[in-house]
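As numbered in the UniProt record's numbering, residues 1 to 71 make up the sequence shown, in order. So the structure is just underneath, and the comments pick up after that.
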Amino acid sequence: MLAYGIGIDACDKNVKIRESMALECLEIFCEGIIIAIFETTYLRRPNEADLQRLLPVGKKCGFPKKIGSIY
Numbered sequence: 001m002l003a004y005g006i007g008i009d010a011c012d013k014n015v016k017i018r019e020s021m022a023l024e025c026l027e028i029f030c031e032g033i034i035i036a037i038f039e040t041t042y043l044r045r046p047n048e049a050d051l052q053r054l055l056p057v058g059k060k061c062g063f064p065k066k067i068g069s070i071y
């Protein structure tokens with residue numbers, strides 16, 4: 001589905017698996033990719049350096065305490 005840009009219903013016709021199974025497999029695959037590649041860089045708590053960099057940007061944009069929602 002990702003490689004060819006096809007919909008879930010096309011998997012039923014081409015690969016001969018049910019739509020629910022195709023969707024479940026795609027979700028598991030995507031979760032695995034997110035954890036293996038992006039978790040340590042993007043899905044972590046902000047450290048002190050991140051906060052010092054992000055807080056002035058948020059204040060400038062009118063969101064002085066935007067980090068509070070993710071911290």
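Each residue gets a CB set at the ideal place from its N, CA and C atoms; glycine is no exception. All of these numbers come straight from a predicted model, not from anything done at the bench.
Is residue 38 helix, strand or coil when you go by DSSP?
-> Start at 1 with the first residue of the sequence shown, and residue 38 comes out as number 38. The DSSP-derived three-state label of residue 38 is helix.
Residue 22 burial status per 10 Å Cβ neighbour count (16 or more: buried) = On the sequence shown, position 22 is the one that residue 22 refers to. With 16 or more other Cβ atoms within 10 Å, it is buried.
Where the alpha helix (DSSP H) containing residue 47 begins and where it ends = Within the sequence shown, numbered from 1, the residue matching residue 47 stands at position 47. Segment: none, residue 47 is in no alpha helix (DSSP H) and carries neither H nor E.
How long is the line joining the alpha carbons of residue 9 and residue 18, rounded to whole angstroms?
-> Taking the sequence shown and counting its residues from 1, one reaches residue 9 at position 9. Taking the sequence shown and counting its residues from 1, one reaches residue 18 at position 18. In a straight line, the C-alpha of residue 9 is about 8 angstroms away from that of residue 18.
Does the Cβ of residue 11 have 16 or more other Cβ atoms within 10 Å, making it buried, or fewer, making it exposed?
-> Here residue 11 refers to the residue found at position 11 of the sequence shown. Residue 11 is buried by the Cβ-count criterion.
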